[in-house]
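This report concerns only the one structure given below.
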Amino acid sequence: MSYLSSHGFGRALRIAVFTLGAAFGLICVTALRTAHAADTTTTGEQSTVVLLVNYSDRPVQPMTRDAAHAMVFGTANDAFWESSYGRMTLAGDTFGWFTIPVSATTCNTAAVAQEADKAATAAGVNLAKYAHIIYIAPQNACSGTGYNSGMALPTRTYLFNDNVKAENIVHEFGHNLGLSHSQALECGAATFSPVVGACSVKSYGDAADAMGNAHLAQYNAFQKETLGWLTPSGAQSIATVTGSGRYRITRYEDGTGLKALKIARGKSDNLAGDMNYYYLEYRQPIGNDAPLGSIGNLTKGVLLHTGGYNQYSMLLDATANSQSTQFADINDSALAAGRSYRDDAADVTIAVVSADATGATVDVTIGPNAPPVPPPSSGTLTESVGTDKTSYLRSENVAMSALVKRDGVFVVGATVKFVVGTPAGTSTLNATTGADGFARATYRIGKTKTALGNYTVRADASSNGDAASATASFSVR
1088 MSYLSSHGFG
1098 RALRIAVFTL
1108 GAAFGLICVT
1118 ALRTAHAADT
1128 TTTGEQSTVV
1138 LLVNYSDRPV
1148 QPMTRDAAHA
1158 MVFGTANDAF
1168 WESSYGRMTL
1178 AGDTFGWFTI
1188 PVSATTCNTA
1198 AVAQEADKAA
1208 TAAGVNLAKY
1218 AHIIYIAPQN
1228 ACSGTGYNSG
1238 MALPTRTYLF
1248 NDNVKAENIV
1258 HEFGHNLGLS
1268 HSQALECGAA
1278 TFSPVVGACS
1288 VKSYGDAADA
1298 MGNAHLAQYN
1308 AFQKETLGWL
1318 TPSGAQSIAT
1328 VTGSGRYRIT
1338 RYEDGTGLKA
1348 LKIARGKSDN
1358 LAGDMNYYYL
1368 EYRQPIGNDA
1378 PLGSIGNLTK
1388 GVLLHTGGYN
1398 QYSMLLDATA
1408 NSQSTQFADI
1418 NDSALAAGRS
1428 YRDDAADVTI
1438 AVVSADATGA
1448 TVDVTIGPNA
1458 PPVPPPSSGT
1468 LTESVGTDKT
1478 SYLRSENVAM
1488 SALVKRDGVF
1498 VVGATVKFVV
1508 GTPAGTSTLN
1518 ATTGADGFAR
1528 ATYRIGKTKT
1538 ALGNYTVRAD
1548 ASSNGDAASA
1558 TASFSVR
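Just so it is clear: in the sequence shown, position 260 is 1347 by my numbering, and no numbers are missing.
Dropping the structure here:
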């Protein structure tokens, strides 16, 4: 169990309320990113500290420090490296065990963090070095194993269990990166139905995703696109289908090439009416996806998900009603070679022509009544900017980051000019956004002559003739 952005540390939230579709009859609330001190990035080395803590009335140590370190910076790190195609890793240190004045009969993440931070600091740990803090503690009164603070830096992941596993870290840290749960849609004998009440949403239902119930399996294509790990021009790419044709998607887990297709299926029911898409990917039992080979037909055909901006990822059962129980049925959800799926409302047909160890060949037919695909260059450019801390000492470095999006999608290659306003004037640094939509720059504070006081940061972004600007502030004391 996890709660996105619950028990946060003063994080500013922007709340969006949207439905998952009339057929679901459900209303969901999600926390969206908004401008504050700084959000986590999704590529590069993630500086992480693991704090092992236990309680004054239950000072047990379920694992050794070496075992905890290997679990986080070995097994979990390998999962992130594999799923991101080498774009993201964890690096850091493990400290503890610390016994803190918190009772195991309570469930209070804020108290655990506060006392754990105090204990670590007293032991000489410099927590300011790390962007992410993972607290591992024995079971307490909390009903779930995992909790998280959302994306605001430093992110905080809480794991309360006597048998914490790497999959718990990959799941909760996924929330810290900005992901929601990977769900599944059960519609009985149909893959999808527009009839109200005909379908039910299975939270954690995606059997092929670590954000669902698939342990260490790779994040699905919708999630990877959200993280900037799949881009239209990357070595591992995702393509938006704009016309009928035959496409070859390579196996998902490794190598280069086209990893996923994205097909517009119509506007979603969220308040903004954002486009909803089909996402197609082809899994094979390789690496952390190896267990999928013994689950239904997940590696024997193309997986269909739906998703979009401000929407949940939803695995569709393309082999509907093939098993006697809903749980087994969703595990048998791939669209196998020789079979097709038709969406009459979207005027789209998806047919799997063939599938082998290297990839799958798919025919996509886009009819005349299919929804128009939004052009990638349209929409409003938006930006948020922040620093890694709000207060600095002389001789410290200020890590600045600006996130640039267009219609909620990361913008790659945008030019960003950081203008630092100081008591003595201004300083300018230039950067370019990467695959995760972030541009980064470092402002170095002088050792002796730098003026004390309040400083401002303005980030001016430009891309394809559009511009956006955002501001933040920090102090030097």
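Beta carbons: idealized from backbone N, C-alpha and C, even for Gly. These figures come from a predicted structure and were not determined experimentally.
Look at Val1257 and Ala1166 and say whether their C-beta atoms are less than 8 Å apart. Residue mapping note: residue 1257 aligns to position 170 of the sequence shown, counting from 1. Residue mapping note: residue 1166 aligns to position 79 of the sequence shown, counting from 1. Cβ distance < 8 Å, so Val1257 and Ala1166 count as in contact.
Start and end of the beta strand (DSSP E) containing Phe1247? Here residue 1247 is taken as the residue at index 160 of the sequence shown, counted from 1. Per DSSP, the unbroken beta strand (DSSP E) holding Phe1247 starts and ends at 1242-1247.
So, for Val1136: in the same chain, excluding its five sequence neighbours on each side, which residues have a beta-carbon less than 6 Å away from its beta-carbon? In the sequence shown, the residue the question calls residue 1136 occupies position 49. Only Gly1179, Asp1180, Tyr1217, Ile1220 meet the Cβ criterion.
Cβ neighbours of Glu1368 in the same chain (closer than 6 Å, five flanking residues each side left out): Here residue 1368 corresponds to residue number 281 of the sequence shown, with the count starting at 1. Correct list, in chain order: Ala1308, Tyr1339, Ala1347, Leu1390.
Tell me whether Glu1273 sits in a helix, a strand or coil according to DSSP, three-state version. Walking along the sequence shown from the start, residue 1273 turns up at place 186. Strand.
Please check the pair Ser1320 and Leu1402, which I expect to be a contact at CB under 8 Å, by giving their CB distance rounded to whole angstroms. For this step, residue 1320 is matched to residue 233 along the sequence shown. For this step, residue 1402 is matched to residue 315 along the sequence shown. That belief does not hold up - the Cβ atoms of Ser1320 and Leu1402 are roughly 27 Å apart, past 8 Å.
Can you tell me which of Ile1325, Asn1300, Ser1355 puts its alpha carbon nearest to the alpha carbon of Gly1344? In the sequence shown, counting from the first residue as 1, residue 1344 sits at position 257. Minimum Cα distance to Gly1344 is reached at Ile1325.
With burial defined as no fewer than 16 other Cβ atoms inside 10 Å of the residue's Cβ, what is the status of Gly1395: buried or exposed? Numbered from 1 along the sequence shown, position 308 holds the residue referred to as residue 1395. Around the beta-carbon of Gly1395, 16 or more other beta-carbon atoms lie within 10 Å, marking it buried.
DSSP three-state call for Arg1333: helix, strand or coil? Translated into positions along the sequence shown, residue 1333 becomes position 246. Three-state result, Arg1333: strand.
Just to confirm, are Val1472 and Ile1453 a CB contact at a threshold of 8 Å? Along the sequence shown, read from residue 1 onward, the residue named residue 1472 stands at position 385. Along the sequence shown, read from residue 1 onward, the residue named residue 1453 stands at position 366. Not in contact: Val1472 and Ile1453 (Cβ atoms no closer than 8 Å).
To the nearest angstrom, how far is it from the Cα of Leu1032 to the Cα of Thr1128? With the chain running from 1088 to 1564 in the structure shown, residue 1032 is simply not present.
Which of helix, strand or coil does DSSP assign to Ser1381? Start at 1 with the first residue of the sequence shown, and residue 1381 comes out as number 294. Helix.
Between the C-alpha atoms of Trp1168 and Met1158, what's the straight-line distance to the nearest angstrom? As a working note, residue 1168 is residue 81 in the sequence shown. As a working note, residue 1158 is residue 71 in the sequence shown. Those two C-alpha atoms are separated by around 14 Å.
Would you list the residues sitting across from Gln1323 in a DSSP beta bridge? Reading the sequence shown from its first residue, position 236 is the one you call residue 1323. Gly1344.
How many Å lie between Phe1561 and Glu1202 at the Cα? For this step, residue 1561 is matched to residue 474 along the sequence shown. For this step, residue 1202 is matched to residue 115 along the sequence shown. Spanning the two alpha carbons is a distance of roughly 26 Å.
In the region 1376-1442, which residue ranges form an unbroken alpha helix (DSSP H) of at least 4 residues, counting only runs that do not cross its ends? 1413-1417
Looking at Arg1174 and Thr1130, is the spacing between their C-beta atoms short of 8 Å? Locating residue 1130 in the sequence shown gives position 43, where the first residue counts as 1. Locating residue 1174 in the sequence shown gives position 87, where the first residue counts as 1. Yes. Within cutoff.
Lys1536 to His1262, Cα distance in whole Å? The sequence position of residue 1536 within the sequence shown is 449, counting from 1. The sequence position of residue 1262 within the sequence shown is 175, counting from 1. A direct Cα-to-Cα measurement between Lys1536 and His1262 gives close to 42 Å.
Output the boundary residues of the alpha helix (DSSP H) element that contains Lys1476. As a position in the sequence shown, residue 1476 is number 389, starting the count at 1. Element bounds for Lys1476: n/a, residue is neither H nor E.
Report the residue from Val1451, Asn1141, Thr1393, Ser1236 whose alpha carbon sits nearest the alpha carbon of Asp1356. Start at 1 with the first residue of the sequence shown, and residue 1356 comes out as number 269. Minimum Cα-Cα distance from Asp1356 among the listed residues Val1451, Asn1141, Thr1393, Ser1236 corresponds to Thr1393.
Count Cβ pairs between the region 1272-1292 and the region 1138-1154 that sit closer than 8 Å; are there 3 or more? Counting Cβ pairs under 8 Å, fewer than three are found: no touch.
Tell whether a beta-carbon distance below 8 Å holds between Val1451 and Phe1505. On the sequence shown, residue 1451 is found 364 positions in, with the first residue counted as 1. On the sequence shown, residue 1505 is found 418 positions in, with the first residue counted as 1. Against a cut-off of 8 Å, the Cβ pair of Phe1505 and Val1451 comes out as no contact.
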